[in-house]
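Visitor: Before anything else, here's the structure in question.
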Amino acid sequence: MWTFEIADVNRGIIGADFLHYFGLLVDVRPNRLVDLNSGLASTIATELNVTYKLWENRFARFSKFNDGIMPDPATLYSGPPEVLAKLMASRCKSLGTVIDPFCGSGAIAIQLAMVCHKVIAMDSDPVKIAFARNNARVYGVEDQIVFLVGDFFVDAHSLQRADGIVTSPPVNMTIEEMVKLTKLASRVAPKVLMRLTKDHDCQICTN
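Be aware that the sequence shown starts at 1277, since it is given in my numbering, and climbs by one per residue.
Below you can see the structure in the form of structure tokens.
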């Protein structure tokens, strides 16, 4: 139990950096969030509550989260749970070189590196690649992964032939992009394994 004593201040404010350092969380309850000036219920209460729920699930995304994991917001929101990433990787044990063209913070690439000979983790965002490299280091598989900054739609033709493509495509992909992705992926590798959610248009992948 933590007890905070406030002296000579009108209102006590605890910063996010303080909470993070001591591993503390705030119980965000939408019906209790109010604007400090007007006293009215906050219009962003629902958004904050969603953010809190995503933060609660951080260990489902990375079991070693407290060991120095650096996730991007998209990973916390729509990234695959670690148990699913492990399941996807288990389907690739016999494969040599595997590519994740939308690696994000590296959730899938890390699990692939534990069972495959070579993994290529690719993303168009250099910040996400930096996160993925850091996270792979936390899991002890940094040396088994080749990290590339690039757009798969543009650079697919320059990639070496691989044994498989395993990825979780961005949820904001258009139908045209999903069609292009499936075609390019099948040209690069004979085996394609994608994690699709309710936000993806799955119908085009079956045509």
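For glycine and all other residues, C-beta sits at the position ideal for the given N, C-alpha and C.
#1: Which runs of the beta strand (DSSP E) fall wholly inside the stretch 1334-1364 and span at least 3 residues, in chain order?
#2: Spatial neighbours of residue 1425 within its chain, please: C-beta separation below 6 angstroms, excluding the five flanking residues on both sides.
#3: Which complete alpha helix (DSSP H) runs does the stretch 1400-1482 hold, if anything under 4 residues is left out?
#4: Would you check if the stretch 1334-1343 and the stretch 1357-1376 touch, i.e. whether three or more CB-CB distances between them fall below 8 angstroms?
#5: For residue 1399, which option in 1393, 1408, 1392 has the closest C-alpha, if you only look at C-alpha atoms?
#6: Taking 8 angstroms as the threshold (C-beta atoms), are residue 1391 and residue 1438 in contact?
#7: Would you call residue 1463 buried or exposed, if buried means 16 or more other Cβ atoms sit within 10 Å of its Cβ?
#8: Can residue 1472 and residue 1442 be called in contact, C-beta distance under 8 angstroms?
#9: So residue 1384 and residue 1411 are supposed to be a Cβ contact under 8 angstroms. How far apart are they, rounded?
#10: Which residues share a DSSP beta bridge with residue 1386?
#11: Got a sec, what are the start and stop residues for the beta strand (DSSP E) residue 1374 sits in?
#12: Report the residue from 1449, 1395, 1450 whose alpha carbon sits nearest the alpha carbon of residue 1418.
#13: If I'm right that residue 1355 touches residue 1414 with Cβ under 8 angstroms, what's the distance once you round it to whole angstroms?
#14: Beta-carbon separation of residue 1380 and residue 1348 under 8 angstroms?
#15: Let me check one thing: in DSSP terms, what residues is residue 1394 bridge-paired to?
#16: In terms of alpha-carbon separation, which member of 1461, 1331, 1466, 1333 lies closest to residue 1444?
#17: Is the beta carbon of residue 1416 less than 8 angstroms from the beta carbon of residue 1368?
Guide: So, to answer that:
#1: none
#2: 1402, 1405
#3: 1402-1414, 1428-1431, 1451-1464, all fully within the stretch 1400-1482.
#4: Touching, yes.
#5: 1408
#6: no
#7: exposed
#8: no
#9: So it is not a contact: roughly 11 angstroms between Cβ atoms.
#10: DSSP, once it has assigned bridges, lists no residue as partnering residue 1386.
#11: 1373-1376
#12: 1395
#13: At roughly 15 angstroms, the Cβ-Cβ gap does not stay under 8 angstroms, so residue 1355 and residue 1414 are not in contact.
#14: yes
#15: 1373
#16: 1461
#17: no
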